[in-house]
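A.B. asks: Handing you this structure, nothing more for now.
Residue numbers (our numbering): 160 to 741.
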């Protein structure tokens, strides 16, 4: 099918770059600046709103704290039995009342100087024998007609109120009827705690709050406000009747907790222009920044597009020549960007493509073959180092001679030794079962037991299922040999060798521990350095033999570790992938 004349791939690179600039640079930059302005506006508004809400919460919490302080004081009086006795006592003499006042009521006046938020504490009582002075007021028929008295009698908890709904004052009072011992009460008693107006004023006139705060009751009448334009102190003003500007933001109404507030709440209002004042001051800066964001990227992209267009056309020209097997190189200006690297690599490719196919590839195959043969030769050398054939013949001669002379114990030890050498001599298979390996280890340890007598003791701890798993031939024996000869031989006390073989998930874990002389950190470092040096065998042939054969078998899928402490012993652990024999 013939491609369309207006297919995108038919458009010239220069035109593609112009389309790319218009749709991916110009329009995104313009849209980004517009979105940036709106997002910034919203973020500033959200942040300011958050700050305003925090201040409103602070005002609310401080007001609640002050009122709660007064209610707490009233609670102390509410259960004071002495106070009840004072107001219920019938005083026949004035001196009796004065003495009772001094001993009972005068001490309660200590709250006023202690709590700055408390202006005064007073009491109401209908006891006719009391002298009404010093903060004690009578409950008369006139008192019972008061706004606050009827409000208090309609509830069973403390109330926060003004003494009159039209009172021209900032004074709030906490009123509570003292009826804790109502079954024994002889008189009516009320406590009144007046809140310091200065404290309330300081709370609501918070300098960090830029708007207005209104304390309204359940009837939505304003009880207190920092709005100086409404006469809430002189008359009853309903909050809903206040005219609000169009850009005003109404904050969440905060209902005050506790039943003594009776549905009161604090409302905050703030003008949107006040919140966005900082953004309006930065509007000119945002416009200048938007212009810079358009002009500078436009100039830079024009220069970059020209650089790309010219050099890509040059590379394309020489690639067409290569199609005709003309490996001419491009004049390279030493550019360090991707197109410069592409040009440089094109030149190298055109010069070396035949060498990579005919010479380098073949050389790599030969090198890999040589490395494989070297590993095989190294393995053969390792095997030859543990195959002393003549020693086996000598041991057989000595064993037969010992049997002829009746030295059965010596013959048994020589037989064990012969088994070990026969295994190393024949080496019929490279992998054996753990069971076969343990037979050799037991032969070796019986020889060492014969040598050291009671000085050597060994223990096996092997999972039953581990006996059927396959391992490289003579993997564990060299470490048993090292533990007995290099570890146990040099200590005076009894030497103990503990050998453990466990199956854990897909791993065969071999651990051997001795209480021999151990090794220092330097000796351990030298040992591991010699293991990683594959140039020559050197000392420690047995350990190297095991290590190299494990690498040949398992690559990097095995773990080999040695932990040793001078004078305490050595622990060797080998973790191999588990493979069960069929």
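A virtual CB, placed ideally from N, CA and C, is assigned to each residue, including glycine. Because the structure is a prediction, the values reported are computed rather than measured.
From residue 625 to residue 510, what distance separates their C-alpha atoms?
C.D. replies: On the chain shown, position 466 is the one that residue 625 refers to. On the chain shown, position 351 is the one that residue 510 refers to. Answer to the nearest angstrom: the Cα atoms are 60 Å apart.
A.B. asks: Reducing DSSP to helix, strand and coil, say where residue 356 ends up.
C.D. replies: Stepping through the chain shown from its first residue, residue 356 is reached at position 197. Helix at residue 356.
A.B. asks: Give the DSSP bridge partners of residue 430, in chain order.
C.D. replies: Along the chain shown, read from residue 1 onward, the residue named residue 430 stands at position 271. Its beta-bridge partners are 407.
A.B. asks: Does residue 462 come out as helix, strand or coil in the three-state DSSP assignment?
C.D. replies: Against the chain shown, residue 462 aligns to sequence position 303. In this structure, residue 462 counts as helix in the three-state DSSP scheme.
A.B. asks: Quick one: Cα of residue 443 to Cα of residue 197, how far?
C.D. replies: Counting from one through the chain shown, the residue named residue 443 turns up at place 284. Counting from one through the chain shown, the residue named residue 197 turns up at place 38. If I take the Cα positions, the gap works out to 15 Å.
A.B. asks: Whether or not the segment 404-421 and the segment 452-462 are in contact is what I'm after, with contact meaning three or more pairs of Cβ atoms, one per stretch, closer than 8 Å; do they touch?
C.D. replies: With the cut-off at 8 Å, the segment 452-462 and the segment 404-421 do not touch.
A.B. asks: May I have the straight-line CA-CA distance separating residue 344 from residue 319, to the nearest angstrom?
C.D. replies: Numbered from 1 along the chain shown, position 185 holds the residue referred to as residue 344. Numbered from 1 along the chain shown, position 160 holds the residue referred to as residue 319. Cα to Cα, the separation comes out at about 24 Å.
A.B. asks: Could you give the first and the last residue of the continuous alpha helix (DSSP H) run that contains residue 595?
C.D. replies: Walking along the chain shown from the start, residue 595 turns up at place 436. Where residue 595 is concerned, the enclosing alpha helix (DSSP H) stretches over 593-611.
A.B. asks: So, helix, strand or coil for residue 126, using DSSP?
C.D. replies: In this structure the chain extends from 160 to 741, so residue 126 is not present and cannot be described.
A.B. asks: So, using beta-carbon positions, are residue 392 and residue 329 closer together than 8 Å?
C.D. replies: In the chain shown, counting from the first residue as 1, residue 392 sits at position 233. In the chain shown, counting from the first residue as 1, residue 329 sits at position 170. Closer than 8 Å, so yes.
A.B. asks: Ignoring anything shorter than 3 residues, give me the beta strand (DSSP E) runs that lie fully in the segment 290-355, in order along the chain.
C.D. replies: Counting only runs of 3 or more, we get 295-297, 318-320, 332-336 and 348-354.
A.B. asks: Does residue 735 come out as helix, strand or coil in the three-state DSSP assignment?
C.D. replies: Counting from one through the chain shown, the residue named residue 735 turns up at place 576. The answer is strand: DSSP assigns residue 735 an E or B state.
A.B. asks: Could you check what DSSP says for residue 367 in three-state terms: helix, strand or coil?
C.D. replies: Within the chain shown, the letter at position 208 stands for residue 367. In this structure, residue 367 counts as coil in the three-state DSSP scheme.
A.B. asks: Of the residues 292, 261, 288 and 238, which one's Cα is nearest the Cα of residue 282?
C.D. replies: Counting from one through the chain shown, the residue named residue 282 turns up at place 123. Residue 282 has its Cα closest to that of 292, out of 292, 261, 288 and 238.
A.B. asks: Looking at residue 601: is its Cβ nearer than 8 Å to the Cβ of residue 643?
C.D. replies: On the chain shown, residue 601 is found 442 positions in, with the first residue counted as 1. On the chain shown, residue 643 is found 484 positions in, with the first residue counted as 1. Taking 8 Å as the Cβ cut-off, residue 601 and residue 643 do not qualify as a contacting pair.
A.B. asks: Have a look at residue 671 and residue 631 and give me their C-alpha separation to the nearest angstrom.
C.D. replies: By 1-based counting over the chain shown, the position of residue 671 is 512. By 1-based counting over the chain shown, the position of residue 631 is 472. Computed Cα separation, rounded: 17 Å.
A.B. asks: By the DSSP assignment, the beta strand (DSSP E) with residue 631 in it spans what residues?
C.D. replies: On the chain shown, residue 631 is found 472 positions in, with the first residue counted as 1. Element bounds for residue 631: 629-631.
A.B. asks: Please classify residue 663: does DSSP put it in a helix, a strand, or coil?
C.D. replies: The residue labelled residue 663 in the question sits at position 504 within the chain shown. Reduced to three states, the DSSP call for residue 663 is strand.
A.B. asks: Could you give the DSSP three-state label for residue 644: helix, strand or coil?
C.D. replies: Numbered from 1 along the chain shown, position 485 holds the residue referred to as residue 644. Here residue 644 sits in helix by DSSP.
A.B. asks: Tell me the DSSP secondary structure of residue 507 in three-state form.
C.D. replies: Taking the first residue of the chain shown as 1, we reach residue 507 at position 348. Looking at residue 507 - three-state DSSP - the assignment turns out to be helix.
A.B. asks: Would residue 728 and residue 673 be called neighbours here (beta carbons separated by less than 8 Å)?
C.D. replies: The count along the chain shown starts at 1 and reaches residue 728 at position 569. The count along the chain shown starts at 1 and reaches residue 673 at position 514. Their beta carbons are under 8 Å apart, which means residue 728 touches residue 673 by this criterion.
A.B. asks: Restricting to Cα atoms, I'd like to know which of 680, 703 and 683 is closest to residue 690.
C.D. replies: One-based indexing of the chain shown puts residue 690 at position 531. Ranking the options by Cα distance to residue 690, first place goes to 703.
A.B. asks: Can you find at least 3 beta carbon pairs, one from the segment 199-216 and one from the segment 472-481, that sit closer than 8 Å?
C.D. replies: As far as the Cβ criterion goes, the segment 199-216 does not touch the segment 472-481, which means the pair count is below three.
A.B. asks: In the DSSP assignment, the alpha helix (DSSP H) including residue 691 goes from what residue to what residue?
C.D. replies: For the purposes of this step, residue 691 is taken as the residue at position 532 of the chain shown. Element bounds for residue 691: 680-691.
A.B. asks: Should residue 739 go down as buried or exposed, given a rule of 16 or more other Cβ atoms within 10 Å for buried?
C.D. replies: The count along the chain shown starts at 1 and reaches residue 739 at position 580. Classification of residue 739: exposed, given that the 10 Å Cβ count is below 16.
A.B. asks: Where does residue 414 land, buried or exposed, given buried means 16+ other C-beta within 10 angstroms?
C.D. replies: As a working note, residue 414 is residue 255 in the chain shown. Residue 414 comes out exposed.
A.B. asks: Run through DSSP, which three-state label would residue 372 get?
C.D. replies: In the chain shown, counting from the first residue as 1, residue 372 sits at position 213. It is a strand residue.
A.B. asks: If you run the structure through DSSP and keep just helix, strand and coil, what is residue 623?
C.D. replies: Here residue 623 refers to the residue found at position 464 when the chain shown is read from its first residue. It is helical.
A.B. asks: Which two residues bound the contiguous alpha helix (DSSP H) that contains residue 224?
C.D. replies: The sequence position of residue 224 within the chain shown is 65, counting from 1. 186-237 is the extent of the alpha helix (DSSP H) around residue 224.
A.B. asks: Taking contact to mean 3 or more Cβ pairs, one atom from each stretch, closer than 8 Å, check whether the segment 363-383 and the segment 296-303 are in contact.
C.D. replies: Counting Cβ pairs under 8 Å, fewer than three are found: no touch.
A.B. asks: Should residue 275 and residue 219 be called a contact, given that it needs their Cβ atoms to be closer than 8 Å?
C.D. replies: On the chain shown, residue 275 is found 116 positions in, with the first residue counted as 1. On the chain shown, residue 219 is found 60 positions in, with the first residue counted as 1. The answer is no: Cβ separation not under 8 Å.
A.B. asks: Could you pull the start and end residues of the beta strand (DSSP E) that residue 245 belongs to?
C.D. replies: For the purposes of this step, residue 245 is taken as residue 86 along the chain shown, with counting starting at 1. Careful: residue 245 lies outside any beta strand (DSSP E), inside the alpha helix (DSSP H) at 240-247.
A.B. asks: CA-CA distance, residue 351 and residue 221?
C.D. replies: As a position in the chain shown, residue 351 is number 192, starting the count at 1. As a position in the chain shown, residue 221 is number 62, starting the count at 1. Approximately 21 Å, taken between the alpha carbons.
A.B. asks: Taking its Cβ as the centre, do 16 or more other Cβ atoms sit within 10 Å of residue 361, making it buried, or is it exposed?
C.D. replies: Within the chain shown, the letter at position 202 stands for residue 361. So residue 361 ends up on the exposed side.
A.B. asks: Comparing alpha-carbon positions, which option in 661, 474, 307 and 170 lies nearest residue 623?
C.D. replies: On the chain shown, residue 623 is found 464 positions in, with the first residue counted as 1. Residue 661 is the option with its Cα nearest to residue 623.
A.B. asks: Use the C-beta contact count for residue 187: other C-beta atoms within 10 angstroms, 16 or more gives buried, fewer gives exposed.
C.D. replies: Taking the first residue of the chain shown as 1, we reach residue 187 at position 28. Classification for residue 187: exposed.
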